[in-house]
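Quick note: the sequence shown uses our numbering, first residue 67, plus one each step.
C-beta atoms are modelled at their ideal positions from N, C-alpha and C, and glycine is treated no differently.
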Amino acid sequence: MKKKVSLLIFAGQSNMAGRGQFELAPKIETNRAFEFRAISDPTRLYPVEEPFGVNENSPNGIYEPDMKKGSMVSSFLNSFVPKSDSDVIALSASKGGSSIVEWQPESAYYEDLLELIKRTKRWLQENNYCIENTLFFWLQGETDGD
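See below:
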């Protein structure tokens, strides 16, 4: 029997990547939230921890080494997961300082985002998971406000 999960995709600009201090980020209070590391280790699921997505950098797409500092995703998951009927698989796809123009179809970030989602869904299906819900969370930030 396949295990039912919800796939949560966290995408967008620096506010989604996290510019807080991961040392102060809340600890995930559940064993029902996992990260799929589609780039750095696409062989298994990891418990979500901060800084979320820190090593998920694709040189030809969403690339931001040493900039993801964390706190937003863990805070959100601590509220979301207890209200969810299924375990959560989280996917990081954020790039600080990016403009919405850089995320349009056929751009490097957009194509990378689609590839990350495909890889994640494929891995989950091949490893006996049934994706019950796919939720996409976008947080842009202030770059376009200038």
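Contact under 8 Å by Cβ, residue i with residue j
| i | j | result |
| --- | --- | --- |
| Ala159 | Phe100 | no |
| Glu115 | Ile94 | yes |
| Ser140 | Ala91 | yes |
| Lys149 | Gly84 | no |
| Thr109 | Val147 | no |
| Gln79 | Gly136 | no |
| Asn81 | Leu205 | yes |
| Tyr176 | Lys161 | no |
| Lys68 | Asn194 | yes |
Host beta strand (DSSP E) of residue i (start-end)
| i | result |
| --- | --- |
| Ile197 | 195-205 |
Counterpart residues of residue i in DSSP-defined beta bridges
| i | result |
| --- | --- |
| Ala156 | Leu74, Glu101 |
| Leu111 | Phe102 |
| Lys69 | Tyr195 |
Opening and closing residue of the alpha helix (DSSP H) in which residue i lies
| i | result |
| --- | --- |
| Ile94 | Ile94 -> no alpha helix (DSSP H), and no H or E assigned at all. |
| Phe146 | 138-146 |
| Met82 | 80-83 |
Supposed contact pair residue j and residue i - C-beta distance, whole angstroms, cut 8 Å
| i | j | result |
| --- | --- | --- |
| Phe203 | Phe76 | 5 Å |
| Glu130 | Asn123 | 6 Å |
Near the ligand NAP: residue i beta-carbon under 7 Å from a heavy atom
| i | result |
| --- | --- |
| Val114 | Summarising the ligand content, the structure contains no ligands, and the ligand NAP is consequently not present. |
Practice task
Taking 8 Å as the threshold, find out whether the stretch 181-193 comes into contact with the stretch 99-118 through three or more Cβ pairs.
Solution key: A contact exists between the stretch 181-193 and the stretch 99-118.
Exercise for the section: Could you tell me whether the stretch 69-85 touches the stretch 139-156, where touching means 3 or more Cβ pairs closer than 8 Å? Expected result: yes
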